[in-house]
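Under my numbering, the first residue of the sequence shown is numbered 16, with each subsequent residue one higher.
Ideal placement from N, C-alpha and C gives every residue a C-beta, glycine not left out.
Being a predicted model, the structure only gives us computed values, none of them experimental.
These notes concern the structure reproduced below.
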Amino acid sequence: MRGSRRESGFSLLGLLVTVLLAVGVFVPLVKVVPSLLEYQSVKRAAYQAKTDGSSVQTAIAAFDRQALVDGVQVVRGRDLDIQTNANGAVDSVRFSYRREILLYGPISLAIQYSGTAQ
């Protein structure tokens, strides 16, 4: 009767591969999350610029105020693409920027962020 029972579970090699895969997914995710939060702050500031802006200059000032509150440093008010209507009121506020995130050694992740507040 001895030897008829087969044991199941992780082998040492299986555990090592599982841990390496988990780290390979978890580390880039942890490094990308701050960039995504920054993007949300830029979107919020662009929406604020669209809402408060009665002209291009007031939209730029509104964006810069909100960006200062949120700690946004990747985009400034002068970098925005602000579209106005025939009356001079702000129709839309567009932004675009690139973020490079160092992952492992010489490997990095380049993300192109863009958005429009209408």
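Taking the alpha carbon of residue i as the point to measure from, which residue in the options has its own alpha carbon closest?
i	options	result
G86	P49, I97, S111	P49
I need the straight-line Cα distance from residue i to residue j, nearest angstrom please.
i	j	result
Q133	S23	58 Å
K46	L118	7 Å
K58	A104	19 Å
I75	T99	13 Å
Q88	L36	34 Å
Apart from the five residues on each side of it in sequence, which residues of its chain come closer than 6 Å, Cβ to Cβ, to residue i?
i	result
T131	S107, R109
Please check the pair residue i and residue j, which I expect to be a contact at CB under 8 Å, by giving their CB distance rounded to whole angstroms.
i	j	result
E115	A101	At roughly 40 Å, the Cβ-Cβ gap does not stay under 8 Å, so E115 and A101 are not in contact.
L27	A64	Going by Cβ atoms, the distance from L27 to A64 rounds to 56 Å, so no, they are not a contact pair.
By the DSSP assignment, the beta strand (DSSP E) with residue i in it spans what residues?
i	result
L124	122-132
L140	As shown, the chain starts at 16 and ends at 133. That puts residue 140 outside it, with no answer to give.
S23	Segment: none, S23 is in no beta strand (DSSP E) and carries neither H nor E.
Could you spell out where the alpha helix (DSSP H) holding residue i opens and where it closes?
i	result
Q72	71-85
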